[in-house]
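K.L.:
Here's a structure for you.
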Amino acid sequence: MRIGMAYRYWCGECTSRTPWLSNARAQQAQIDHYAEKHPGIPPGGHVEVHRGDPQGGLGCLVFIGITVALLIVAASCHR
Ligand SMILES: [Zn+2]
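All you need for this note's numbering is the position in the sequence shown, starting with 1, plus 7.
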């Protein structure tokens, strides 16, 4: 297992974003954020993936413009 992959979900409705977490936990944080702040709106926005050491390597920041909704569907299928 490689350590250091971190995920941060950006809200599509406001400027809020989750802390750097594992994918599942960040995804849940985004869902919780929508449930609390934007009830009735499907989770959207995008996810930012950070490879490597979270303490450094800012050059490794990768933005992926995938909708959170797609990931949630993928995650539920994965179970
Ligand atoms: Zn929001």
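Don't be surprised by glycine CBs; every beta carbon is placed ideally from N, CA and C. If you're wondering where the values come from, they're calculated on a predicted model, not measured in any experiment.
Alpha carbons only, please: which of Asp39, Trp27, Gly52 is nearest the one belonging to Cys21?
P.N.:
Gly52
K.L.:
What did DSSP end up calling Gly64 once you bin it into helix, strand or coil?
P.N.:
Bear in mind that a pLDDT of 46 at Gly64, under 50, signals an unreliable position, so the model cannot answer this.
K.L.:
State the beta-bridge partners of Arg24 as determined by DSSP.
P.N.:
Trp17
K.L.:
For Pro49, which option in Ser23, Tyr41, Glu55 has the closest C-alpha, if you only look at C-alpha atoms?
P.N.:
Among Ser23, Tyr41, Glu55, the Cα nearest to that of Pro49 is on Tyr41.
K.L.:
In terms of residue numbering, what span does the alpha helix (DSSP H) encompassing His40 cover?
P.N.:
30 to 44
K.L.:
Pick from Gly19, Trp27, Ala81: whose alpha carbon is nearest that of His45?
P.N.:
Gly19
K.L.:
Quick one: residues in its chain with C-beta nearer than 7 angstroms to the C-beta of Gly64, no 5 flanking neighbours on either side, listed in chain order?
P.N.:
Any reading at Gly64 needs caution, since the residue's pLDDT is 46, under 50, leaving its predicted position unreliable; the model's value is listed next. Here the set comprises nothing.
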